[in-house]
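Taking the numbering used here, the leading residue of the sequence shown gets 6, the next gets one more, and so forth.
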Amino acid sequence: MRRTVAVVCIALGVCLLALAPMLRYWTADSLMKAPLDYYNKATNRGEDVTYFSAEELELIEGATVEATTTVRGDVAASDEDTAVWDQFTWVKDIDRDFAISSTYRRAGHDRFTGRGVDCCDSQVNDDEVEQNGQIFKFPFLTEQKDYRFFDTTTKETHPITFEGVEDYHGVETYKFVQTIESAKIGERTLPADLLGMEGDGDVTGDEMFDLTRTYWIEPTTGVPIGLSEEQHRGVVVDGEERLVLFDGTMVWDDKTVEGQIQSAEQGMVVLPLLRTVIPVACLVAGALLLIGGGVLMIAGRARG
6 MRRTVAVVCI
16 ALGVCLLALA
26 PMLRYWTADS
36 LMKAPLDYYN
46 KATNRGEDVT
56 YFSAEELELI
66 EGATVEATTT
76 VRGDVAASDE
86 DTAVWDQFTW
96 VKDIDRDFAI
106 SSTYRRAGHD
116 RFTGRGVDCC
126 DSQVNDDEVE
136 QNGQIFKFPF
146 LTEQKDYRFF
156 DTTTKETHPI
166 TFEGVEDYHG
176 VETYKFVQTI
186 ESAKIGERTL
196 PADLLGMEGD
206 GDVTGDEMFD
216 LTRTYWIEPT
226 TGVPIGLSEE
236 QHRGVVVDGE
246 ERLVLFDGTM
256 VWDDKTVEGQ
266 IQSAEQGMVV
276 LPLLRTVIPV
286 ACLVAGALLL
296 IGGGVLMIAG
306 RARG
């Protein structure tokens, strides 16, 4: 009987020791992939926003503005390693029911790292654009370091700096800040009087863009929990800003934040269990069973 118990203990110990690395390096890794059939809707809201209405040729001040972003996965264009997502953003003056702007982007990204993959007709609006750096999210197991994040307005990748650990709506997050200063994104031709300049006819100026973008990232899953964007666009002629095109701070509303938290919750719980808690428990239990089985086996032989 003692020998039977010893054999069972040793067998279970071996199984648990073998199970530990499988859970950590295979089961957990298989779950750390962005979904191919992803769907999400997020709303950025800004109060007291100033923007220029190109339709009315008028500067609107004190507006309440919402930017609704819908992201949908293209399963057919994706594969085991790369997820292709389409994103559409619609910016609207809520009080005046006026459409300010819209943006479309399509990009493939690595399902684990979140970094852009050059494939699948990558584009921003009507322009084919190779999108590098982080695209829609941060990597699983986000580190406390600086990354590079793609910006759809400048159509370029810029540094995004790790600023520390911060509790955001009850979730421990990593805070990242991206700053873009005085980036020329195009030109605008407008009547001289609209730009406060003398003379008749039109004047062409540079459209300049400034942005401070802050992300609060849940580090286990890389899912953004919060987003704030301080944006400023203006028309600059001969080094002087002549017209504000957009000025305001846009922040994810509470409904969006709660949805992002729910999206991250399962990974926040399951991945640490599979990567650390259960494998360590398996190693400890397996070692104890092996030792116990060995002791019983030796004791049985001594008695025999």
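Beta carbons: idealized from backbone N, C-alpha and C, even for Gly.
* Can you list the beta strand (DSSP E) stretches of 3 or more residues lying completely in the region 33-99, in chain order? -> 44-58, 63-78 and 87-98
* Does the region 176-184 come close enough to the region 215-224 that 3 or more CB-CB pairs lie under 8 Å? -> yes
* Asked: Nearest CA to the CA of Arg247: which residue from Leu216, Met202, Pro277 and Arg218?
  -> Ranking the options by Cα distance to Arg247, first place goes to Met202.
* Return helix, strand or coil for Ile140, following the three-state DSSP convention. => coil
* Whose C-beta lies closer than 6 Å to the C-beta of Thr217 among residues of the same chain, with five residues either side of it excluded? -> Thr184 and Glu235
* Does DSSP put Thr147 in a helix, in a strand, or in coil? -> The answer is coil: DSSP assigns Thr147 none of H, G, I, E or B.
* **Anticipated Cβ contact below 8 Å, Ile140 with Asp151, distance rounded** => Their Cβ separation, rounded to whole angstroms, is 17 Å, which puts Ile140 and Asp151 out of contact at 8 Å.
* Under the three-state reduction of DSSP, which class applies to Pro277: helix, strand or coil? -> DSSP places Pro277 in helix when its eight states are reduced to three.
* Opening and closing residue of the beta strand (DSSP E) in which Tyr220 lies -> Asp207 to Glu223
* Asked: What span of residues does the beta strand (DSSP E) with Thr178 cover, start to end?
  -> Val176 to Pro196
* To do: Thinking Arg280 and Arg29 are a contact (beta carbons under 8 Å), I'd like their distance in whole angstroms, please.
  => 5 Å
* Asked: Cα-Cα, which of His174, Glu186 and Leu146 is closest to Glu161?
  -> In terms of CA proximity to Glu161, Glu186 leads the group His174, Glu186 and Leu146.
* **Simplified DSSP assignment, three categories, for Val240** => strand
* Would Pro196 pass as a contact of Asp211 if the rule is Cβ separation under 8 Å? -> Between Pro196 and Asp211, the C-beta gap is not smaller than 8 Å, which leaves the two residues out of contact.
* Mind checking whether Thr55 and Asp252 have CB atoms under 8 Å apart? -> yes
* Asked: Comparing the CB of Arg101 with every heavy atom of the ligand MG, is any distance shorter than 7 Å?
  -> As far as ligands go, the structure on display features none, and thus does not contain the ligand MG.
* If you draw a straight line from the C-alpha of Asp91 to the C-alpha of Glu85, how long is it? -> Distance between the alpha carbons of Asp91 and Glu85: 18 Å.
* Contact check, Met255 vs Arg77, beta carbons under 8 Å -> no
* Asked: Would you report the Cα separation of Leu389 and Arg116, rounded to the nearest angstrom?
  -> This structure gives no information on residue 389, because the portion of the chain shown stretches from 6 to 309.
* List the endpoints of the continuous beta strand (DSSP E) containing Thr166. => If you look at Thr166, you'll find it in the beta strand (DSSP E) that goes Glu161 to Tyr173.
* To do: Mark Ser127 as exposed unless 16 or more other C-beta atoms lie within 10 angstroms of its C-beta, in which case mark it buried.
  => buried
* 8 Å contact criterion, which Ile266 and His174 should meet: CB distance rounded -> Confirmed, about 7 Å.
* Status (buried if at least 16 other CB within 10 Å, exposed otherwise) for Val285 -> exposed
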